[in-house]
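Here the numbering used here is used: the first residue of the sequence shown is 1, the next is one more, and so on.
Only one structure is covered here, and it is reproduced in the block below.
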Amino acid sequence: MFILVRIVKCILSAYLLGGCGEGQDHYQSKYLLGDGGELTHAPLAEKVFEVSIRICLEGSIRNSEKIGELVISSVSNWLRPLREVYPAIAEDVVIDCSAPDAYLEVNRRISRARAFPAQSKIVVYPEVSLEVLTHEFGHLFGLADTYKSVSGHCPGQPESIMCEPSNKLLSDDDVEGLRFVVSKLHPNAERYPNCPKESFEKYARRIKVEFRLPESEPGTKIRFERGRKSRYRFPWCRSLWWSELEFTCNRGSWQEKGIWGRSSRCRDKNLSQPYLFNGAL
Numbered sequence: 001m002f003i004l005v006r007i008v009k010c011i012l013s014a015y016l017l018g019g020c021g022e023g024q025d026h027y028q029s030k031y032l033l034g035d036g037g038e039l040t041h042a043p044l045a046e047k048v049f050e051v052s053i054r055i056c057l058e059g060s061i062r063n064s065e066k067i068g069e070l071v072i073s074s075v076s077n078w079l080r081p082l083r084e085v086y087p088a089i090a091e092d093v094v095i096d097c098s099a100p101d102a103y104l105e106v107n108r109r110i111s112r113a114r115a116f117p118a119q120s121k122i123v124v125y126p127e128v129s130l131e132v133l134t135h136e137f138g139h140l141f142g143l144a145d146t147y148k149s150v151s152g153h154c155p156g157q158p159e160s161i162m163c164e165p166s167n168k169l170l171s172d173d174d175v176e177g178l179r180f181v182v183s184k185l186h187p188n189a190e191r192y193p194n195c196p197k198e199s200f201e202k203y204a205r206r207i208k209v210e211f212r213l214p215e216s217e218p219g220t221k222i223r224f225e226r227g228r229k230s231r232y233r234f235p236w237c238r239s240l241w242w243s244e245l246e247f248t249c250n251r252g253s254w255q256e257k258g259i260w261g262r263s264s265r266c267r268d269k270n271l272s273q274p275y276l277f278n279g280a281l
């Protein structure tokens with residue numbers, strides 16, 4: 001009986017307000033789609049090329065400053081990966097109730113956050129976390145819940161904040177979905193140029209590793225598993241290792257992030273990776 005009541009409440013909520021919210025107990029498409037497969041109800045994705053995105057706070061808010069900071073951080077989480085692809089993304093997020101792009105209501109009587117994209121509105125409880133708020137704003141950017149049960153588990157799916165709101169950062173799956181929505185809503189928007197084919201070389205004690213990156217679209221990320229290249233020369237063994245290595249095509253050029261080091265371990269590791277070439281001088 002309880003499950004039946006929940007299903008009826010969710011159906012009525014979706015029909016009247018355009019959303020079901022956190023705790024939904026059925027699998028949806030990755031995107032908020034209409035009957036014809038078109039994107040619908042993505043109010044913030046439609047506004048990403050404005051100078052700023054304006055959010056209005058409503059309800060009885062005692063800690064308005066803290067809530068405002070969470071709102072700015074949540075929306076900024078979604079704007080950040082778009083700036084790697086488009087030069088004209090909104091510069092900032094402001095709390096402003098004059099002609100707002102979306103509304104956030106704080107309600108002490110509820111215990112679950114809910115998003116209503118058709119109304120450009122989110123309703124949350126006072127103690128809402130950054131992770132949950134980022135998840136709910138994802139709905140206003142056109143993304144649907146991807147979990148298959150009220151437990152929030154996503155078997156067989158990529159890690160995603162749209163599946164599990166406890167994730168602290170957007171995953172590749174979240175970013176891919178966001179960029180897809182924006183590309184469909186703004187097909188003629190100016191984009192940064194592709195990153196060129198480029199090689200990155202590292203040297204250590206006559207050891208060389210080279211990462212030959214292909215020409216790639218803006219926003220592309222190429223990651224390398226932790227690895228090590230070693231070279232033995234009597235009586236010593238030397239090696240060059242790397243960890244958490246990632247190259248991002250950002251604004252038309254490759255950006256490198258990772259950790260490098262030297263050691264005396266005489267054992268190669270993970271040298272058979274795409275785009276990785278190695279040798280000795």
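Beta carbons are placed, not taken as given, at the ideal position from N, Cα and C, and that holds for glycine.
Extent of the continuous alpha helix (DSSP H) run through residue i
{"i": "Gly219", "result": "That residue, Gly219, is in no alpha helix (DSSP H); it is neither H nor E in DSSP."}
{"i": "Ile95", "result": "Where Ile95 is concerned, there is no enclosing alpha helix (DSSP H), although the beta strand (DSSP E) it sits in stretches over Asp92 to Ile95."}
{"i": "Ile259", "result": "First-last for Ile259: Ser253 to Ser263, but that is the beta strand (DSSP E), not the alpha helix (DSSP H)."}
{"i": "Glu164", "result": "Premise fails: Glu164 is in no alpha helix (DSSP H) and is neither H nor E."}
{"i": "Glu65", "result": "Ser64 to Leu79"}
C-alpha distance - residue i paired with residue j, whole-angstrom precision
{"i": "Tyr275", "j": "Gly261", "result": "20 Å"}
{"i": "Glu210", "j": "Ser73", "result": "37 Å"}
{"i": "Arg267", "j": "Lys229", "result": "7 Å"}
{"i": "Trp78", "j": "Leu178", "result": "8 Å"}
{"i": "Arg108", "j": "Glu58", "result": "12 Å"}
{"i": "Ala204", "j": "Lys257", "result": "18 Å"}
{"i": "Ser300", "j": "Glu198", "result": "Residue numbering for the chain in the displayed model covers 1 to 281; residue 300 lies beyond these limits and cannot be assessed."}
{"i": "Ala189", "j": "Ser183", "result": "8 Å"}
{"i": "Gly138", "j": "Phe247", "result": "25 Å"}
{"i": "Leu130", "j": "Leu140", "result": "15 Å"}
{"i": "Ile53", "j": "Asp96", "result": "9 Å"}
{"i": "Cys163", "j": "Ser98", "result": "33 Å"}
{"i": "Trp236", "j": "Glu225", "result": "26 Å"}
{"i": "Arg265", "j": "Ile222", "result": "26 Å"}
{"i": "Pro196", "j": "Leu82", "result": "20 Å"}
{"i": "Val71", "j": "Ser263", "result": "45 Å"}
{"i": "Glu201", "j": "Phe234", "result": "25 Å"}
{"i": "Leu39", "j": "Glu176", "result": "15 Å"}
{"i": "Ser160", "j": "Asn278", "result": "34 Å"}
{"i": "Lys30", "j": "Gly156", "result": "14 Å"}
{"i": "Pro293", "j": "Thr134", "result": "The chain is shown from 1 up to 281; residue 293 falls before or after that span and cannot be answered."}
Exposure of residue i, with buried meaning 16 or more beta-carbon neighbours within 10 Å
{"i": "Arg231", "result": "buried"}
{"i": "Asp145", "result": "buried"}
{"i": "Ile259", "result": "exposed"}
{"i": "Asp174", "result": "buried"}
{"i": "Ser272", "result": "exposed"}
{"i": "Leu169", "result": "exposed"}
{"i": "Ala90", "result": "buried"}
{"i": "Cys249", "result": "buried"}
{"i": "Asp172", "result": "exposed"}
{"i": "Trp242", "result": "buried"}
{"i": "Glu136", "result": "buried"}
{"i": "Phe116", "result": "buried"}
{"i": "Ser158", "result": "Residue identity check: residue 158 is Pro in the sequence provided, not Ser. By the neighbour-count rule (16 or more Cβ atoms within 10 Å), Pro158 is not buried but exposed."}
{"i": "Ser60", "result": "exposed"}
{"i": "Gly21", "result": "At Gly21 the pLDDT is 49, less than 50, meaning the model places this residue with poor confidence; the figure from the coordinates comes in the next sentence. Result: buried."}
Test item: CB-CB of residue i and residue j under 7 Å
{"i": "Tyr192", "j": "Arg238", "result": "no"}
{"i": "Ser76", "j": "Val93", "result": "yes"}
{"i": "Leu185", "j": "Ala45", "result": "yes"}
{"i": "Gly142", "j": "Val106", "result": "no"}
{"i": "Val48", "j": "Gly219", "result": "no"}
{"i": "Asn194", "j": "Gly227", "result": "no"}
{"i": "Leu33", "j": "His41", "result": "no"}
{"i": "Cys56", "j": "Tyr103", "result": "yes"}
{"i": "Val128", "j": "Pro165", "result": "no"}
{"i": "Leu289", "j": "Ile207", "result": "Since the first and last residues shown for the chain are 1 and 281, residue 289 lies out of range."}
Residue range of the beta strand (DSSP E) that includes residue i
{"i": "Ile122", "result": "Lys121 to Val124"}
{"i": "Asn250", "result": "Trp236 to Asn250"}
{"i": "Phe116", "result": "Arg114 to Phe116"}
{"i": "Ser230", "result": "Gly227 to Arg233"}
{"i": "Leu104", "result": "Ala102 to Val106"}
{"i": "Arg54", "result": "Ser52 to Gly59"}
{"i": "Ser199", "result": "Glu198 to Ala204"}
- [ ] State whether the segment 107-115 contacts the segment 67-84, with contact taken as three or more CB pairs (one from each stretch) at a distance under 8 Å.
- [x] no
Task: the segment 210-221 / the segment 118-134 touching (three or more Cβ pairs under 8 Å) - done: no
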